[in-house]
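Position 37 of the sequence shown, counted from 1, bears residue number 35 in my numbering, the numbering being contiguous throughout. Let me begin by presenting the structure, written as structure tokens, before commenting on it.
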Amino acid sequence: MPLSEHEQRILEEIEKRLQEEDPRLAEAVARSSLYAHIARRIRWGVLAFVLGFVMLLLFFLSVWVAITGFVVMLASALLVYHQLRRLSRDQPAPEGTPDRSVPSFLARIFERFRGRPRQ
-1 MPLSEHEQRI LEEIEKRLQE EDPRLAEAVA RSSLYAHIAR RIRWGVLAFV LGFVMLLLFF
59 LSVWVAITGF VVMLASALLV YHQLRRLSRD QPAPEGTPDR SVPSFLARIF ERFRGRPRQ
């Protein structure tokens, strides 16, 4: 839903005040994007997953290290999954294109596994 003229003027005034009061913050906000933020979280999640995998391989030192590694891997995989889902949800697909998001892909796999055809 587009903003009204009054709301647009208020938003422009807020942007102008921010630029005057803290130009470094305004520049940092203008440079960052949702994609960059999500990509940074995905990178940290992948790094945590690798760290958890290494911890899992160190099971010969301690079972607790391996269990902690598994929990780290699980948590980081969930983080990456949620960020990918958020990324696909925030970027609308053009009309007429099939839904290729991660949740729809997983739904198709589960439907095939259960033996129900997709309508």
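Every residue gets a Cβ at the ideal spot worked out from N, C-alpha and C, and that includes glycine.
Among the residues of its own chain, which have a CB less than 8 Å from the CB of residue i, if the five just before and after it don't count?
i, result
"Gln17", "Ala24"
Going by DSSP in three states, residue i sits in which element: helix, strand or coil?
i, result
"Gly113", "coil"
"Leu59", "coil"
"Leu1", "coil"
Are residue i and residue j close, meaning C-beta to C-beta below 9 Å?
i, j, result
"Ala105", "Leu77", "no"
"Leu54", "Ala64", "yes"
"Ser74", "Val27", "no"
Roughly how many angstroms lie between the CA atoms of residue i and residue j, to the nearest whole one?
i, j, result
"Glu11", "Phe68", "50 Å"
"Val119", "Arg29", "Not covered by the structure: residue 119. The range shown for the chain is -1 to 117."
"His80", "Thr66", "21 Å"
"Trp42", "Met71", "12 Å"
"Glu3", "Asp20", "26 Å"
Within the same chain, show all residues whose beta-carbon is closer than 6 Å to that of residue i, passing over the 5 residues directly before and after it, in chain order.
i, result
"Gln40", "The sequence as given places Ile at residue 40; Gln does not occur at that position. Closer than 6 Å at the Cβ level, and outside the excluded window around Ile40, lie Val78, Gln81."
"Leu56", "Val63"
"Pro0", "none"
#### Entry: the stretch 78 to 87 contacting the stretch 32 to 40, beta-carbon criterion three pairs below 8 Å
For the pair of segments examined, the stretch 78 to 87 was found to touch the stretch 32 to 40: the number of CB pairs separated by less than 8 Å reaches three.
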